[in-house]
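For what it's worth, our numbering labels the leading residue of the sequence shown as 118, then goes sequentially. For each residue, glycine too, the CB sits at the ideal point set by N, CA and C. A short worksheet on the structure shown next.
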Amino acid sequence: MTGPVPLSPTAHAALRYDRHAAGTTRRFVRIGLSELAFTAADMPLCLAKDGQTGRFNLIALMALVEPANLFVFGGGFQATYVPRAALLGGFRLHDGGVEGLAIDPADPTIGETGEPLFERGAPTPLPGRVRTALTEVIADMQAAQALVDRYAALRLIRPLPLSLGLAGGGQHDLAGLYTIDEAAMRALPEAALVALHRADALAPAAVMAASLAQTERLRQLHNARFTPAVDRVTLG
118 MTGPVPLSPT AHAALRYDRH AAGTTRRFVR IGLSELAFTA ADMPLCLAKD
168 GQTGRFNLIA LMALVEPANL FVFGGGFQAT YVPRAALLGG FRLHDGGVEG
218 LAIDPADPTI GETGEPLFER GAPTPLPGRV RTALTEVIAD MQAAQALVDR
268 YAALRLIRPL PLSLGLAGGG QHDLAGLYTI DEAAMRALPE AALVALHRAD
318 ALAPAAVMAA SLAQTERLRQ LHNARFTPAV DRVTLG
């Protein structure tokens, strides 16, 4: 498996970017703070531990069991909002590449179809737009990280048991997901609640909790595509 490589007019002159293929193989995606309410209109929002840092990341869940993204079908991303990290999954910031970019050749958005990265050996406007968007996304994710770190410091995060009942019998449990501990939040001293409110940290927690109802939509999308079907989703 190869990783991201610096964007080069020599090596990548014929490559194109196809936004309609964004997120095809991704089961979840990190989101930024400004995306939270938009993404919750379609997807459950959860927390997952970073394997390297141990910190919690804010993620949108896009599939239950299969590695495929349940929102990608019919030639594109079928949701009211497409998380920006999914759209930009084929790119990384890299000082050694054209416009300060690297590409991930394995990402489905990078290939032979879509908008060209180069024309006549020179970069098109696309790489510059991508670099600007990546910079904005990273800052937005850092804002989300600061919010989640605040929840963690107050011990407001708990495991999210997610159990899938299979229509043919049996059960599949999903591990490694977390959510806001609403009981712990209600038990906070008044001063701590006021501080969260003044920091605009209460509303995001409420949106995250409410978004878990979207697991039913994932169940329906899963059943429309795969067998065996999922009969129910139980949240703990």
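Quiz item: Helix, strand or coil: which one does DSSP assign to T127?
Solution: Secondary structure at T127: coil, using DSSP grouped into helix, strand and coil.
Quiz prompt | Residue range of the beta strand (DSSP E) that includes Y295 | solution = Note, Y295: beta strand (DSSP E), Y295 to I297.
Exercise. Consult DSSP for V247 and reduce its assignment to one of helix, strand or coil.
Key: Correct three-state label for V247: helix.
Quiz item: Taking P240 as the reference, which of I255, G214, A327 and N174 has the closest Cα?
Solution: Nearest C-alpha to P240: G214.
Practice problem: Taking only heavy atoms of the ligand COA into account, decide whether any of them is closer than 7 Å to the Cβ of G120. | Solution: With respect to small molecules bound, the structure shown includes none, and the ligand COA cannot be examined in it.
Self-check item: Exposure of D284, with buried meaning 16 or more beta-carbon neighbours within 10 Å
Solution: The sequence as given places Ala at residue 284; Asp does not occur at that position. The residue is exposed, with fewer than 16 neighbouring Cβ atoms inside 10 Å.
Quiz item: G228 to D298, Cα distance in whole Å?
Solution: Roughly 43 Å separates the two Cα atoms.
Quiz item: Taking the alpha carbon of G149 as the point to measure from, which residue in A131, A177, D167 and T141 has its own alpha carbon closest?
Solution: Check the Cα spacing between G149 and each of A131, A177, D167 and T141: the tightest is with A177.
Quiz item: Any idea what DSSP makes of L234, helix, strand or coil?
Solution: Here L234 sits in coil by DSSP.
Quiz prompt | Beta-carbon proximity check, Y295 vs E232, cutoff 8 Å | solution = Y295 is not a Cβ neighbour of E232, given a cutoff of 8 Å.
Exercise. Throw me the rounded Cβ distance for the M62 and Q331 pair, which I believe falls under 8 Å.
Key: For residue 62 there is no data in the structure shown, the boundaries of the chain being 118 and 353.
Exercise. Could you name the residues that DSSP lists as bridge partners for R275?
Key: DSSP lists T296 as partners of R275.
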